[in-house]
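Numbering (our numbering), first residue to last: 2 to 238.
Next comes the structure, spelled out in structure tokens:
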């Protein structure tokens with residue numbers, strides 16, 4: 002089982018100090034030359050909303066501690082009492098859904114994010130692979146072209162279907178040199194998928210993950226549009 006340290010108050014899930022930056026400082030970060038895929042501009046409203054949300058979350062955490070729901074710094078679990086929801090939202094509010102330069106909609110960083118930071122959970126309905134195959138066919142017959150599945154290793158092949166029920170994690174696009182990776186966690190006997198920063202991510206940079214699709218000679222290959230150096234040209238290997 003993969004574990005993640007839940008830190009003392011004032012530190013993020015990746016071990017980084019909690020944000021103390023001003024709106025002006027964060028907006029200036031967006032002017033840095035990007036090492037990945039640039040996306041929509043960051044507005045003052047984006048930054049102000051994220052800072053407000055972070056302050057609210059910090060107050061809720063302190064209040065929970067005063068009420069007896071205390072997080073022990075040495076506990077090496079991603080879930081401990083209310084901490085699960087706190088981690089999910091701690092960095093999710095620094096992410097924004099916008100139009101992508103790669104494909105359709107995407108998720109990009111409102112502020113700079115440090116390597117290994119826990120960003121967002123991939124939310125959806127857990128189904129067996131045979132059910133996933135049936136649902137994919139059903140979706141296509143219904144004219145649904147945006148289909149979202151995530152494979153989970155669980156002894157048997159399990160998928161997470163986020164097509165109709167999911168969050169913004171499903172909109173993270175593929176890139177051959179991705180800046181996000183996935184980690185599985187066992188939460189009360191159920192697998193959970195969280196996305197983490199693979200490297201430092203600049204403000205204004207699109208979040209991407211390597212889909213690692215398996216090549217099927219019977220299916221038409223899917224072209225990659227990431228446009229990054231070293232692009233493999235196709236999503237399926």
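The beta-carbon is built from N, C-alpha and C at its ideal position, and this holds for glycine as well.
One thing to note: residue 226 has its Cβ within 8 angstroms of the Cβ of residue 104. Going by DSSP, residue 182 is part of the beta strand (DSSP E) stretching over 181-188. For residue 122, the uninterrupted beta strand (DSSP E) run begins and ends at 119-122, by DSSP.
Boundaries of the beta strand (DSSP E) harbouring residue 107: 106-110, taken from the DSSP string.
As summarised for the stretch 186-211, the continuous beta strand (DSSP E) elements at least 3 residues long and confined to that stretch are 191-198, given in chain order.
Listed in chain order, the non-local C-beta contacts of residue 224 below 7 angstroms within the same chain comprise 234 and 235, local neighbours out to five positions each way being set aside. Pairing residue 54 with residue 110, the inter-Cα distance amounts to about 15 angstroms. Apart from sequence neighbours up to five positions away, the residues of its chain that approach residue 51 with a beta-carbon distance below 6 angstroms are 94, 95 and 111, ordered along the chain.
CA-CA distance, residue 127 to residue 191, rounds to 10 angstroms. Per the coordinates, the alpha-carbon of residue 182 lies some 30 angstroms from the alpha-carbon of residue 144. Partner residues in a beta bridge of residue 218, as assigned by DSSP, do not exist.
Residue 123 sits buried, since 16 or more C-beta atoms from the chains shown fall within 10 Å of its C-beta.
Residue pairing for residue 235: DSSP places it in a beta bridge opposite 224.
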